[in-house]
Every structure is written in C-alpha cells, then in structure tokens.
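Protein chains in written order, with the working numbering: chain A, 667 to 1022; chain B, 667 to 1022; chain C, 667 to 1022; chain D, 667 to 1022. We put the CB at the ideal spot given by N, CA and C, even for glycine. To keep things clear, I will list the structure first and then write my remarks on it.
There are 4 protein chains.
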Amino acid sequence: MNSFGQLFKITTFGESHGKAIGVTIDGCPPGLSIDEEFIQGELSRRRPGQSAIVTQRKEADEMEILSGVFEGKSTGTPLMMLIKNKDARSKDYSHIAEKFRPSHADFTYQKKYGLRDYRGGGRSSARETAARVAAGAIAKLFLKTLGIDIIAYVSQVGDLRCTSDYQRLDLSLIENTPVRCPDLEVADQMINLIKTIKKQGDTIGGVVTGVIKGCPVGLGEPVFDKLHAALGNAMLGINACKGFEYGSGFEGVTMRGSQHNDIFENKDGKITTSSNFSGGVQGGISNGMDIYFRSAFKPVATIIPEQKSVDTSGETTTVSGRGRHDPCVVPRAVPIVEAMAALVIADFILLQRRIG
Amino acid sequence: MNSFGQLFKITTFGESHGKAIGVTIDGCPPGLSIDEEFIQGELSRRRPGQSAIVTQRKEADEMEILSGVFEGKSTGTPLMMLIKNKDARSKDYSHIAEKFRPSHADFTYQKKYGLRDYRGGGRSSARETAARVAAGAIAKLFLKTLGIDIIAYVSQVGDLRCTSDYQRLDLSLIENTPVRCPDLEVADQMINLIKTIKKQGDTIGGVVTGVIKGCPVGLGEPVFDKLHAALGNAMLGINACKGFEYGSGFEGVTMRGSQHNDIFENKDGKITTSSNFSGGVQGGISNGMDIYFRSAFKPVATIIPEQKSVDTSGETTTVSGRGRHDPCVVPRAVPIVEAMAALVIADFILLQRRIG
Amino acid sequence: MNSFGQLFKITTFGESHGKAIGVTIDGCPPGLSIDEEFIQGELSRRRPGQSAIVTQRKEADEMEILSGVFEGKSTGTPLMMLIKNKDARSKDYSHIAEKFRPSHADFTYQKKYGLRDYRGGGRSSARETAARVAAGAIAKLFLKTLGIDIIAYVSQVGDLRCTSDYQRLDLSLIENTPVRCPDLEVADQMINLIKTIKKQGDTIGGVVTGVIKGCPVGLGEPVFDKLHAALGNAMLGINACKGFEYGSGFEGVTMRGSQHNDIFENKDGKITTSSNFSGGVQGGISNGMDIYFRSAFKPVATIIPEQKSVDTSGETTTVSGRGRHDPCVVPRAVPIVEAMAALVIADFILLQRRIG
Amino acid sequence: MNSFGQLFKITTFGESHGKAIGVTIDGCPPGLSIDEEFIQGELSRRRPGQSAIVTQRKEADEMEILSGVFEGKSTGTPLMMLIKNKDARSKDYSHIAEKFRPSHADFTYQKKYGLRDYRGGGRSSARETAARVAAGAIAKLFLKTLGIDIIAYVSQVGDLRCTSDYQRLDLSLIENTPVRCPDLEVADQMINLIKTIKKQGDTIGGVVTGVIKGCPVGLGEPVFDKLHAALGNAMLGINACKGFEYGSGFEGVTMRGSQHNDIFENKDGKITTSSNFSGGVQGGISNGMDIYFRSAFKPVATIIPEQKSVDTSGETTTVSGRGRHDPCVVPRAVPIVEAMAALVIADFILLQRRIG
C-alpha cells in the first residue's frame, strides 16, 4: 500500500499540508557512504518554484536523516528521512473541503475511506513524491558504487516531440534547460508552449523517457516480477502517469519478428545484441544492454477556469483552481522517474544476490 | 517471483515440457460455486490449435482441481489446479540446447540461473499462462457474483487498427472470429494479414484492449498499489507485452487539462463523470466508471528463417525456427489479459474489505 | 525485517542514541478517534525512570503524530509517530565502541552488517520498543471499538511465581504496584528481590502473562499464520524474550487427551468450552474463549561487575556495566507485550474481513 | 496464510481426504542436486504406520516432482512436489460431518469459513505436514552443501523426561528407536507409556528438542524477524504445538545475569562463547554457536472414549474416536520440526546474501 520494494523497501508517509512527509528505507545495504548534499540536490530537482515553468509554491524540501546512518555510513538498519512541511497555507484549500475537483482524487478518497484530509489533496498530492526522490537518491548512491547510471528526460510536451532516440541525444544537456529536454531546440519550443498554456490557466501533458545504463545481466524475475513489469508498476505509481512502454513499446506491434529480433553477437567476449528493440530486457530479465522506457503523463487536473462539479452531498457546484499549480508536470517528474527506476533496480540487485 | 496478488494470491509452477504446469490459489473466498466447465472453457480460449491463425501444437489443457473445493464449493483453503503436459515432443528442442535464440529468454535465464530447462523455453514459455487463465477463471466466477464483468479483445494487429472505441463496438461479437476483434471487417483483414505473415514464417505484433465493467468505487491503494499500476504490472507480466496504457494513455499527453478533466455529474443519485479520460481510476482508486486499457504485444520471437546468433560457449552460430509457433500472439492473449485483470480486481476487492 | 503485520502493518525505525525513533502504521482503519493522551499514557508505562525498580534513565518519550490523522480521526493513510531522543549521553558508550559486551547484540550486529552504531546498543536497544508501544496503543484504540481487551502482567520474577491463574486474580490491581503483578503479596516479594539484585549490580529474569478477552471466533489462518504462532512470533520479537507458550503450554504435555480436551457446550445459544486448555485457539483459529499466554524473559545482559570478553580485533578484554540499566525487564515489558498482542489481533481482524 | 518464508518460500495445498496434497517451493537456489531418495526417506520418517506406537493408517506418501528440476538439478524455478492421497476411507468420517470434535479445528473452521471439508479434518489434518517435510528435505539438501546440520529428537513424553542436555547425548542413536529419543533407557520407558496410553484409547503430549549445527554468524533480522522468533513461529505453526523456547528458555528466568551471560572467547581466531544460554542467537542474529530449542506438543485430541460435544446446529451430542490415530504425536513430529527449522535457516541464508 504505502511500501514499495521487497528487499530495498521504502515506506512513505505524510500529507501535503500535514506536519511533515518522509520515508523509511528498510534494507539499504550497510556501509554505504551517505552523501546528504546529493540527496538534497535531487530534492531540489523536484521541488516547486525551481523555474518559471513550474508551480511557484515555495517549498524548501529540507531533508533530515533521523536514523540508519552512523558516522556518515548506512548501518543496514532503517534509514528514515523527514521533510517538514512549511508553506502550508491551509486556508487556501478550505473552499474545496466539500467539493470534488474534476479528475482529482477527492471523490475516490472520500468514497474509499469515508473521510479525507482535503488540504491540498492530502495524501494524494504529488508532494508525497518528494519522499520517493529522497529514497531514490539513496538508491542512486548505491547503484553508483556498482557502475549503474539512471537518467531521465522530457521527450514530449503536448504535441512537441523530441524526435531523436536517446542514443543520438547528448544527455549531459538535460539539466541545462528548465524543461529537462536535451534537444535544446525542442526544449525552447516546449518552454514556450508551457508558458502559453500557463497564461491560459490551463495545463498540458507530456512524456518522460528513462534510460538505465550499466545494468548487469540477470536482474528481474521471470514470471510475475519481470524487470520491465516492476518498472512499469513503479512509473504508473507516479501521480498523473497514464502509460508505460519499454524497448520498442507500442510502435513495436507494427514490426515483423524478423525485424524486431535482436541478434546476439560476441563482442570481445561479451555477448551483446546488434539492435535493442528488447529494451535491455528479455523474458523479464536484464540482458546487459541499455534499458529504456517511456512514461506518459496526463495534463494536471488543477486548472484556473471554472469547471462544473458536484459536492460531497451530491449537489451540483463549480470549482476553480487558484494559483500555484504546475502547467505541465513532466519537468518535475524527471527526478521522480529516475528515483522510482533507481528503487526498482536497487531492489532487484539485492534480490539477485540470493542466487549468488 | 512466481506469486501474484496479496489476498487473492496465486502461485504458478511448471515448465513447457516438464510433467505438468499448474497454479495454487491462496485466498479464494469460501462458498464460491466452482464451475469446472467454465474454467475449462477459458482454457480452451487460450489453448494452441484452436484456429488456423494460431500455433498448431496440440495441447488439450485439461485441468484437474486437486484441493480447496468440497461438494462443488470453494472452502477457503488453497485451491490447486493441475494441467498435465501431453504433447511434449522434447526432441524438437534438443537443437537449441546450446544456442541462444534471438529475443528469447534463453540467454538471460542461462546467465541468471547458471542453467536452464531449454525444452520449449522451459519456464519462459507462454505455456505458463495456462495456469494464469485457470486461476483467472476462478477470479471471474467470484467477480460475476458481484456483477463485475471483464472483457478483452484484439484492437490492433500490425498496422491494422480497430478505429472505434470500445463503447461503439458490439463486444458480444468478439468470439465470433478467431482473431477476437469485434469489428468484423477489420477482423477479416487481420486474419488475412496473419495468414500472410505465417506463410512467410514470420510474426507480427498487436494490441489487446481490456474493459472492466461494474467495478465498485474505492478499489485501489493510493500510493504504491494504485489500481491502474497493478493492472499495468499484471499486463506487463504477460509474455511479449511491451507497453500498457489506461484511459487517455499516451494520446492524453497532447490534451489540455480543460479537455481532459472528467466533469462529475449526479445521475439519479449516483455520481458519474460526463467523459472518462481517467479510464475509471482517479488517484489510483476506481471511481465506478468503466476501466479500460490497452496492452501492446511484440511480434513473437520464434520465426522460421535462419538467424545469426551465439551459442552457450560464445561462438557464432545460426538458429532457425521449426513449425508450430504463433504468427501473432494477440488472439490467444485475449483470455490471458482477461485472466490477469480478473486476478487484480478480485485481489483489490478483498483488500478493500479490510476497510469495511 | 523492520515491518510487522500484513494489513495493519507497522514499520519502526531509530537507534537508541540517534536523533529519534518512531513508527509508521500502514493500514490503520480510517475514522478511528485518535486519543493522544491514551497513547502517551501507554508510553509512560514503558518509559525508563517510572519507579525505583527500573532503570533510572530519564526519557520523556514524548510522541508526536506527523501524518495520517485529520481533525482527530485516522484517515486510513500512513500514521506516523515520532519520538525524539533526548537523554543521549553518547559519551557513556564510547568505552564499548571496540568491545563486544557478553550476551548483547554487539558481536552479531558487527558480523552481520560489518559495522554498527554502538551507542547504547543502537538499533538493538530496547528503546526501539517504544515505537511498538505507540503503534500498539493505536491498535488498542481500534480493538476497544470492537470490545476486545488486552491485559498483561508479571507472573514470575526469578523463582517468585504468582501461583494463581489469571482467572483468580484481580487484574484491575496490576498497575497498583510498580512490578505489575496483581497478586500484591507476591508483588512485594518481587520488588524486594529486584531491589536486592539491583544492589548487587546484577539482573534477573521473569515471565509476563498476557490475556486477550472478547476476541471473536474465526481469527487466525490455519496453516502458517496460526493465531498463536503469530502471537508467539510477536512475543519472541521482543528483546530478551526466550520462550512462549499458550493455553496449557509446556505443562500440557504431561496431560492425557481425555483431561486436556475442552468440551463444547451450548451456553444460551453461544458455543463455549467447559475448560480452556486450548487457550482460546483451536487449529490456529480463535474459538471465542479467552486467549492467554506466557512469555519468558531472560535476565538483562548489562551487569555492573566486570566480565571477560573480546574486542573487535579479537583480543581478550574486560567489560563492566555503568549505571542506569534495568535489574529486571519484566515490569516494563508488560506494556510491550500488550502492544505486540494488540498489533497481532488488529491485523487478524482486518485479515478476517476479507472473508466477509 | 498457506505460504511460509520470504526468499525460500513454500506454499502448501491439499486436504486430508482430497485428491492430493503438495507443495511448491519458490526460490530454491538453482543448480542444487535433488536427491529424490533422500526426500522420500524424510517422508517415511513422518508417515503413518511406521511403527507400533504411531497411527496404523496406511499412507505411502509417495512424492513426485512435477516441475523445477531438470537433469537432476534444481533450475531456480518453482519446484512442485505432489503426494497423492490413497488411503482415503472417506466414509470413516461421515459420522462427524455435523459434529464438532472437542479440541479439534472443526468448530473454528466452520465459523471462520462458513463451511468445511470435514473428511479427516480436511485442511486442518496433520497430513498437510507431509508437504512441509518434502519441502524441508529440499532445504536440508541445500543446507548440507553449506555444512549446516539440523537434528531433532523426542526429549519428553508425558512426565518422562530425557534429563541430559543434547550435548551429552549420542544423537546418532535417535533413529534407533521408534520413539526417536537418543537416551535409549528413557526411550524404552516412553514406548511403554505410549503403549499403555494407546490401550486406554487415550493420548499423551511430549516435547521435541531441535539442534542446528554449523549455522554461520549473522543470520536473522534484528527487530521483527529475529532468527529465534522465526523458528518459534515455524514450530508453533506445527499442529498441536503449544510452546516454544530456545537457549535457556523458561528456566533461564530464574538465573542472574551474571550466571546467564555467555562470555566471549577467542578460540584459535574464532570468536565463540564459553557457555551457550543464548542458544546460538543474540539480538535475534545467529552467533555461530549451536542453536537449540524445545517445542511442546499437547496430547492428540482424538481419543476413543465417548466425549460430550455439540453439533453444527448447537444441539448437545456425543463424539467418540475411531481407530488409527496417534497416541502420542512427538515421534512423528521429529521430522516435521527438522523440516520447519531447515526451511527457516534456508530462508535466512538467502536473506543474508542480500548484504553480501
């Protein structure tokens, strides 16, 4: 429910406008150097207010480690990270206490639990993902020691698509632009589109592409915990994610087997494939090639224009957004995608160790 | 690993050419009438040899219940179903004992486990999905008692796409054609395409669309077990599945929030939405509208023409398929998609009961 | 590892001398009134310094709820409780940084993890149990709404044994004496014994008896999650616990079946048993009678007199305890036993709801 | 529920008088030589009819492996073992269809599930433990490759107690007597007692002592999956088990810390302890010394003399046992205790590998 992973397991807690959010990692390998600056840096990539094209809410997202680290190293015991909520402004949300905002989780939470913390969306707020980014940063530190690198970028905003594959892009440019698209020409168009949308009080969707490099052969469980299924589960668990594909994905269905099959080659003693439509995963298990995938994000549900809706007593009403929401979620989704991917890979690394 | 679900939990076992495959359901609600004919019927929808456009292997897939049913009703104890393997023909596969077939799981299994049952793909064979279909049939029987209906159909083969939405199709026609596409005109084109591909010894991909009707409000856990994430995980766990989207999916990224938001309405005391881009799930929780999703399947890896590859000692070699493989997996994937969806919904029904 | 329970699941974190300890409850039913004073009261029953016969460490154990409660009620989302560490005195422990204290967890932690937070035992300290007591208090609040009552008391200290069964004791007297034995005569003897032992700088073991009243019929899973096995697992998970028995326990092995069998009776329409050697559980499932059990606790490992040992480099050394440890753990173990029992019963209540 | 273990995970199924019982092991390490004769031998140690002091039912308990083994070695995929039921005699049990046998699970099953397979106790029958013994035999084969040895024996029947510790007994004699007590003098007394009891149609309880030798340092999780708690959970999950203690156990509560503490010593470079009241586990983690424990078993509930009871409609009735039950369960419990201990240790071996 609020836990993710089997051996590198995280449990998150916290509501958007409660006292704090946070995460406990159970299973972080002992002896890992915990670089708090790196973790804070990852949180900054996700935090609101970082650029003109994201929500202007002010949240510092200062993380504090309360357990599981001793003299700078993980101890193998639960590593707990706390992020206090500061910019609460609870009164902003009292107007929606009795209303179900369209395409938000207000209605479903109310029906599922019989009550809800309506302040800022409570637990359904994307604020919860800060906890995942913090946990993912620890996973990244672990994966770095194994030479595994996880990178994500914005490959589509609305109709604007980055047409080159990830192999042809200079991924070192991702952070050079607030929209996090390494094709800087497309990035500029995306920024302009987002700004236009924002002026209209509207929102737009997008796609984040993820790439995992250096993954060893053998990760993933063949039947129900296939590596790509775990990645898909992870991505679809991010707020607003509506779709996931890896390797050739939906486009691969139009191909013939003779085109789609990845031919094995012996490259100086290492078995590789000449193409990679498999996306680095065969039979649910990593084959040592790059793993790449795409995650679709819908337009944010909060918009400024008035919309019709119903209230908690079933009466017709109207809802209108107030300022400070994201016109497009994907620039800030990039570090979340990376975090979730890192958590999956870290977990499967530990799982595979049981085979020895 | 080989288990799926939390409270309605299945564990499958068995290799393609071992003695048997099967499944144990732990958590089937007691008192459920077990209709064995229905289960067998579901298995027949998946079984090889059922039509001219699927593999011509002869497998009866006769299922026997060995436990958990007493006087025709489930007892709440583990319900075990066994399917013996008959048409083994193990010698057919000896030629691949030392070779890694392109885009199969031979290489990754060998590296992960250090050895593998190479006969017919062993555990990585799609044969394992028969066990899922049997378990899914039990889940369907349970869901039927609650008025929940799960339907899947082929909506794309190669470039041939069923352009109408599921709402505009007559879903009662699905089983009228071996390709399981309810748009019978497109179905005929699909069949012709598959036959052509088959003659070439090649294969082609496709898409299966799933629809869940009658799902109550409140299913799904909001953070890491979102209902759609569980469905995605389930679909991506089916052999050859490369992508999953629900509701507006990948196309939804091009929409504005003002277009995409589903407006709540009070319809004679029941809260519904005027559109359903959310795909029946908001904040990870079902909202009572139809749940619909699409799953992409790649072209089957086994093809007749000779392909280059490497063998287990790293030497260059060639591989060529022998008869009796599916030219296109999607017609037989339909009951598997339904089974996995049924397992997910049954599990979340039981999970939600804890809230009462 | 650091989680307990399936549907009412807790995850604890924190070291004895880190910044804080705490617990996240995932699965607390929504709508439950959260009485913070009650929780704090339970923590006070466990806290050091509460009487002359327990450790004189000063720990206030002030608990703060950071999430999962809104307007005084649980929301069904993770309920996180934090207890900050105050009386750290880390320097007290520097002398054991390089030494393995006899019968402590220093050696095994060092070997398991390769490093350890040696301050006050770190994670292996009984301090962690405060988090369980806080979580158990929430479970108790839930069980109270169902009429289920959980009581524990000290029934043995060293050789001093409370000879009456729980049925013949006035359990309302438990909190009238710091040793928490409702037989006040024996209680006085126990207190004297503990004081004598304490003067010697030594320690002594004891037994805590637990009773669960009002448990409905049907809790417990028959094969691997038998209700009594879950209770045993819970008790044996408490620091220093060396044994568990329920119902007739170890003494029951000397009985004949004809003596031991509990005869069913129809008491005004309710089926009860005339005796209760079964301890309220038959076939792993509660039968509606009182559940009772005993947990054995060894003498605390920290003693004042010098003991021989080895250090982390394998050299022979000596260790001697410094002040402020418990001469006998059982008076403070009583609320921990109750908390763990409450967590088990709450979890099985939710599990049973799946059957409906 | 019907699964046990986290990484070496078993799921059992089957009723006493259904078609078959069996077990699926998910997580057996690949490449393990599977000695079927050894497994069958372990089953024979548990099977009815093996001697004059156990039930005279005729069950061959022939086990067949249906998956997960290829060319004599485990493949890492689910290893399924089936044992068909032969000596069913279902009519024997029709007389209890409507009655609740005292201290059996009839009443609790009926109330929990609303129906039950009453034939021979159905799922609550000890017959289910054959599946555990089969799985435990695989675990033993795995542990043997690591030099870990698991031995159990009968140390008490009724009042007859084997007074020597396990260290002073010649454990190679265990199988020399049908009662499985290596103190052959006491064994003879036990046999006589059991025969007397049997003639009376009555039953008697007993204690099984278990010893684990060669366990490496570091197994066990410190907080909620302490090694001894997992062992206790495993033992208490065996039918008729009423208590568990390890190391000094219940007797240890009378000791002083200064007596009970195990002093560390450096023995030729290996750190050991001079005494072993800890029972090989400190802080929940193995310390490399022998692990030893005791499990109490109540007298079997089935007895010949007529007993009062109630039937399913609440009416007063009488029940009397028919032939072929065990007068004392412990001789046949020995291989079950070993099997469950082996499953626990195998699981924790795999869990510890994640730390590497």
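Element boundaries [alpha helix (DSSP H), containing S924/A]: Taken as a continuous stretch (DSSP letters only), the alpha helix (DSSP H) holding S924/A covers G923 to H926.
Segment contact flag, the region 939–952 of chain B with the region 846–863 of chain A, C-beta cutoff 8 Å, min 3 pairs: Inter-segment contact for the region 939–952 of chain B and the region 846–863 of chain A is absent: fewer than three beta-carbon pairs are separated by less than 8 Å.
Bounding residues of the beta strand (DSSP E) (the contiguous stretch that carries K675/A): It spans K675 to G680 - the beta strand (DSSP E) in which K675/A sits, taken as one unbroken run.
Cβ-based contacts, 9 Å cut-off: residues of the region 917–931 of chain B near chain A: When C-beta distances to chain A are compared with 9 Å, the residues of the region 917–931 of chain B below that value are E917, G918, V919, T920, M921, R922, G923, S924, Q925, H926, N927, D928, I929, F930 and E931, in chain order.
According to DSSP, residues forming a beta bridge with V1010/D: DSSP lists no partner for V1010/D.
Interface residues of chain A facing V883/B [CB-CB closer than 7 Å]: Proximity of chain A to V883/B at the Cβ level (cut-off 7 Å) is accounted for by T774 and K777, in chain order.
N- and C-terminal bounds of the beta strand (DSSP E) containing E794/A: Here E794/A belongs to no beta strand (DSSP E), and DSSP marks it neither H nor E.
Backbone CA spacing between A900/D and E887/C [nearest angstrom]: Straight-line Cα distance between these residues: approximately 14 Å.
Chain D contact for A962/C (CB, 8 Å cutoff): With 8 Å as the cut-off, A962/C counts as an interface residue toward chain D.
Through-space distance from G684/C to S717/A, alpha-carbon basis: Roughly 36 Å between the two C-alpha positions.
Straight-line Cα distance separating V873/C from T938/C: Per the coordinates, the alpha-carbon of T938/C lies some 28 Å from the alpha-carbon of V873/C.
Unbroken stretches of the alpha helix (DSSP H), 4 residues or longer, contained in the region 776–845 of chain D: Complete alpha helix (DSSP H) runs here, min 4: 795–810.
Touch test, the region 688–704 of chain C against the region 667–681 of chain A, Cβ-Cβ under 8 Å, three pairs minimum: Of all C-beta pairs linking the region 688–704 of chain C to the region 667–681 of chain A, three or more are shorter than 8 Å, placing the two stretches in contact.
Close beta carbons around A771/A, own chain, < 8 Å, minus the five adjacent residues each side: Once the five neighbours on either side are set aside, the close Cβ partners of A771/A are G787 and S790.
Per-residue burial, G1022/C [other beta carbons within 10 Å of its own, 16 or more giving buried]: So G1022/C ends up on the exposed side.
Nearest-angstrom Cα separation, counted from A796/A out to K750/A: Taken atom to atom, the span from the alpha-carbon of K750/A to that of A796/A is near 11 Å.
The alpha helix (DSSP H) enclosing G707/A, as first and last residue numbers: For G707/A, the uninterrupted alpha helix (DSSP H) segment begins and ends at E702 to R712.
Integer-rounded CB distance, given that L709/B should sit under 8 Å from I731/B: With 8 Å as the limit, I731/B and L709/B do not qualify as a contact, their Cβ atoms being about 12 Å apart.
C-beta contact flag for E805/A and L748/A at 8 Å: A quick correction: the sequence has Ala, not Glu, at residue 805/A. Judged by beta-carbon spacing, L748/A lies beyond the 8 Å limit of A805/A, meaning their Cβ atoms are not closer than that value.
D1075/B: contacting residues in chain A (beta-carbon distance under 8 Å): Nothing about residue 1075/B can be read from this structure; chain B reaches only from 667 to 1022.
Partner residues on chain D for L673/A, Cβ-Cβ distance less than 7 Å: Per Cβ cutoff of 7 Å: R1020.
Partner residues on chain D for R793/B, Cβ-Cβ distance less than 8 Å: Within 8 Å of the CB of R793/B, no CB atom of chain D is found; the nearest one sits about 11 Å away.
Whole-angstrom C-beta distance between G871/C and G918/D, which should lie under 8 Å: 6 Å between Cβ atoms; contact.
Cβ distance (whole Å) where I676/C is taken to contact P997/C below 8 Å: Contact doesn't hold; Cβ gap of about 24 Å is too wide.
Close beta carbons around A967/A, own chain, < 6 Å, minus the five adjacent residues each side: Correct list, in chain order: S769 and H770.
Minimum Cβ-Cβ distance from H770/C to chain D less than 8 Å: Interface criterion met: the Cβ of H770/C is under 8 Å from a Cβ in chain D.
For Q925/B and Q833/A, the rounded distance between their alpha carbons: About 34 Å.
Same chain only: Cβ atoms within 7 Å of L826/A, ignoring 5 sequence neighbours per side: Around L826/A, the same chain offers V852, Q855, M856 and L859 as residues with beta carbons nearer than 7 Å, after the five sequence neighbours per side are excluded.
Distance CB(R990/C)-CB(R723/C) smaller than 8 Å: The answer is yes: Cβ separation under 8 Å.
Chain D within 8 Å of F736/B, Cβ atoms only: Taking Cβ atoms only, chain D reaches closer than 8 Å to F736/B, which makes this a yes.
Classification of D831/D by the beta-carbon crowding that lies within 10 angstroms, buried from 16 upward: Around the beta carbon of D831/D, a 10 Å sphere encloses fewer than 16 other beta carbons of the protein chains shown; the residue is thus reported as exposed.
Any C-beta of chain C under 8 Å from that of M667/A: Yes, because at least one Cβ of chain C sits closer than 8 Å to the Cβ of M667/A.
Min CB distance L837/B to chain C below 8 Å: It does not: the Cβ of L837/B has no partner Cβ on chain C nearer than 8 Å.
8 Å Cβ cutoff met for F1014/B and S975/A: No, the pair does not count as a contact, with Cβ atoms beyond the cut-off.
Nearest to F959/B (by Cα), restricted to the options Q1018/B, L1009/B, D701/B and G915/B: For the residues Q1018/B, L1009/B, D701/B and G915/B, the minimum Cα distance to F959/B belongs to G915/B.
V976/D - partner residues in DSSP beta bridges: Its beta-bridge partners are T982/D.
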